[in-house]
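Asks: Structure provided below as structure tokens; questions to follow.
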Amino acid sequence: MRTTLIALLSGTLFGAGLAVSQMTNPAKVLAFLDVTGDWDPSLAFVMGTALLVSAIAHRLPRRLMPATLRAHVPDSPGTSSLAGIDRRLVGGAALFGVGWGLAGFCPGPALAALVTGSSQVLLFTAAMVVGMGAFRFVTRVGSDVSTSSDG
Amino acid sequence: MTEFTPLSGTLGGLLIGLAAALLWIANGRIAGISGILGQSLWPDERGQRGWRLAFLLGLPLGAGIVALVDGPLAVQIEATPPALVLAGLLVGFGTRLGNGCTSGHGVCGIGRGSGRSILATLTFMTVAAVVVFVMRHATGAAT
Numbered sequence: 007m008r009t010t011l012i013a014l015l016s017g018t019l020f021g022a023g024l025a026v027s028q029m030t031n032p033a034k035v036l037a038f039l040d041v042t043g044d045w046d047p048s049l050a051f052v053m054g055t056a057l058l059v060s061a062i063a064h065r066l067p068r069r070l071m072p073a074t075l076r077a078h079v080p081d082s083p084g085t086s087s088l089a090g091i092d093r094r095l096v097g098g099a100a101l102f103g104v105g106w107g108l109a110g111f112c113p114g115p116a117l118a119a120l121v122t123g124s125s126q127v128l129l130f131t132a133a134m135v136v137g138m139g140a141f142r143f144v145t146r147v148g149s150d151v152s153t154s155s156d157g
Numbered sequence: 435m436t437e438f439t440p441l442s443g444t445l446g447g448l449l450i451g452l453a454a455a456l457l458w459i460a461n462g463r464i465a466g467i468s469g470i471l472g473q474s475l476w477p478d479e480r481g482q483r484g485w486r487l488a489f490l491l492g493l494p495l496g497a498g499i500v501a502l503v504d505g506p507l508a509v510q511i512e513a514t515p516p517a518l519v520l521a522g523l524l525v526g527f528g529t530r531l532g533n534g535c536t537s538g539h540g541v542c543g544i545g546r547g548s549g550r551s552i553l554a555t556l557t558f559m560t561v562a563a564v565v566v567f568v569m570r571h572a573t574g575a576a577t
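This is the structure in structure tokens:
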């Protein structure tokens with residue numbers, strides 16, 4: 007119950023952050039990606055600040071971690087290596103990049119923008135879910151690909 | 435094209451960072467939205483669907499609260515419906531294949547110092563910028 011409430015609070019903060027920073031507006035995102043055009047660097051402030059806060063939290067010294075978190079985390083961090091980089095990671099990121107550049111939506115902002123009731127947002131989100139389902143289908147048919155914990 | 439908004443960007447980034455920090459410190463989970471969505475629809479682990487659905491519900495809820503306080507959200511979409519469908523399919527498939535999106539790789543993964551996430555983020559940002567360049571400047575379209 008506590009875990010669920012914390013997740014709800016985290017999601018709500020996240021959605022509020024996306025709305026405040028206007029990441030929910032594809033025109034804003036595309037203006038950030040349009041580096042050779044009339045560039046709007048605002049989203050660099052969004053990602054920079056989010057990254058700073060997240061980096062502090064994710065690098066919390068072991069002795070400051072709540073006991074529940076300590077149980078999740080291995081003794082040595084060991085995440086800073088380049089191990090595990092493969093074609094799947096780069097290929098997936100590239101496909102995602104094409105979609106992001108085409109529409110200006112990534113998963114979080116699309117879900118948050120559903121609150122506007124826009125049929126275009128719903129269309130994008132529905133296609134995104136179908137794309138995830140297609141991936142699931144492909145990996146189920148092929149060998150079982152384990153999912154790592156990147157996000 | 436759009437106005438430069440460093441202050442609201444920083445405030446929004448702060449909220450996003452706090453959201454990721456909360457989920458990590460209190461629940462030991464990475465706030466990667468594509469992973470949370472994919473796992474809530476097609477779970478790999480039992481008994482972990484509830485918190486994921488709660489997190490996902492929070493996204494429109496939080497955006498809705500901001501809209502109530504600050505006025506309706508601007509959602510300006512230039513893409514045509516077929517382009518939106520193609521983009522959605524690519525974003526859905528690509529984020530699951532590459533194990534993460536802007537939140538999981540860009541905010542949490544880089545925050546952890548993961549080499550995989552740094553490479554993934556550089557890749558999707560570069561590719562997206564190239565796509566926007568081609569659509570806006572290389573196709574002769576007047577935008």
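Taken in sequence, the protein lines are chains V and U.
End of the first sequence sits at 157 in our numbering; the numbers just go up one at a time, nothing left out.
End of the second sequence sits at 577 in our numbering; the numbers just go up one at a time, nothing left out.
Using N, Cα and C, we set each Cβ at its ideal position, and we do this for glycine too.
Because the structure is a prediction, the values reported are computed rather than measured.
(1) Could you confirm whether any beta carbon from chain V is found closer than 7 Å to the beta carbon of Pro-440 (chain U)?
(2) Please report the straight-line C-alpha distance between Asn-31 (chain V) and Val-52 (chain V), rounded to a whole angstrom.
(3) If we ignore side chains and look at the alpha-carbon of each, how far apart do Ser-86 (chain V) and Arg-65 (chain V) end up?
(4) Within 10 angstroms of its Cβ, does Ser-125 (chain V) collect 16 or more other Cβ (buried), or is it exposed?
(5) Using a Cβ cut-off of 8 Å, which residues of the stretch 507-520 of chain U contact any Cβ in chain V, in chain order?
(6) Could you tell me the boundaries of the alpha helix (DSSP H) in which Arg-486 (chain U) lies?
(7) Hey, quick one: how far does the alpha helix (DSSP H) through Pro-515 (chain U) stretch, first residue to last?
(8) Do Ala-465 (chain U) and Ala-535 (chain U) come within 7 Å of each other at the CB atom, strictly closer than that value?
(9) Which value, in whole angstroms, describes the spacing of the CA atoms of Leu-553 (chain U) and Pro-47 (chain V)?
(10) So is Gln-510 (chain U) buried or exposed if we call it buried at 16+ other beta carbons inside 10 Å?
(11) Relative to the C-alpha of Ser-442 (chain U), which residue among V:Ser-27, V:Pro-72, V:Arg-94, V:Ala-109 is closest?
(12) So Val-135 (chain V) packs on Gly-526 (chain U), CB below 8 Å; how close in whole Å?
(13) Applying a beta-carbon distance threshold of less than 9 Å, which residues of chain U neighbour Ala-33 (chain V)?
(14) In chain U, which residues lie with their C-beta within 7 Å of the C-beta of Ala-61 (chain V)?
(15) Alpha carbon to alpha carbon, what distance is there between Gly-97 (chain V) and Leu-449 (chain U)?
(16) Run through the stretch 444-480 of chain U for me and flag every whole beta strand (DSSP E) of 3 or more residues, listed as ranges in chain order.
(17) Once the 5 residues before and after Arg-76 (chain V) are set aside, which same chain residues still bring their CB inside 7 Å of it?
Replies: Let me lay it out:
(1) For Pro-440 (chain U), the closest Cβ of chain V is nearer than 7 Å.
(2) 13 Å
(3) Caution is warranted here: a pLDDT of 48 is assigned to Ser-86 (chain V), below 50, making its placement in the model unreliable, and no coordinate value can be reported.
(4) By the C-beta density criterion, Ser-125 (chain V) is exposed, having fewer than 16 other C-beta atoms within 10 angstroms.
(5) Leu-507, Ala-508, Val-509, Gln-510, Ile-511, Glu-512, Ala-513, Pro-515, Ala-517, Leu-518, Val-519, Leu-520
(6) Taken as a continuous stretch (DSSP letters only), the alpha helix (DSSP H) holding Arg-486 (chain U) covers 483-504.
(7) In the DSSP assignment, Pro-515 (chain U) falls within the alpha helix (DSSP H) that extends over 515-531.
(8) Reading the sequence as shown, one finds Cys at residue 535 (chain U) and not Ala. No, these two residues do not count as a Cβ contact at 7 Å.
(9) 21 Å
(10) exposed
(11) V:Ser-27
(12) In this structure, Val-135 (chain V) and Gly-526 (chain U) form a Cβ contact; the two beta carbons are roughly 6 Å apart against a cut-off of 8 Å.
(13) Met-435, Thr-436, Ala-508, Val-509, Gln-510, Ile-511, Glu-512
(14) Result: Gly-545.
(15) 30 Å
(16) none
(17) Arg-68
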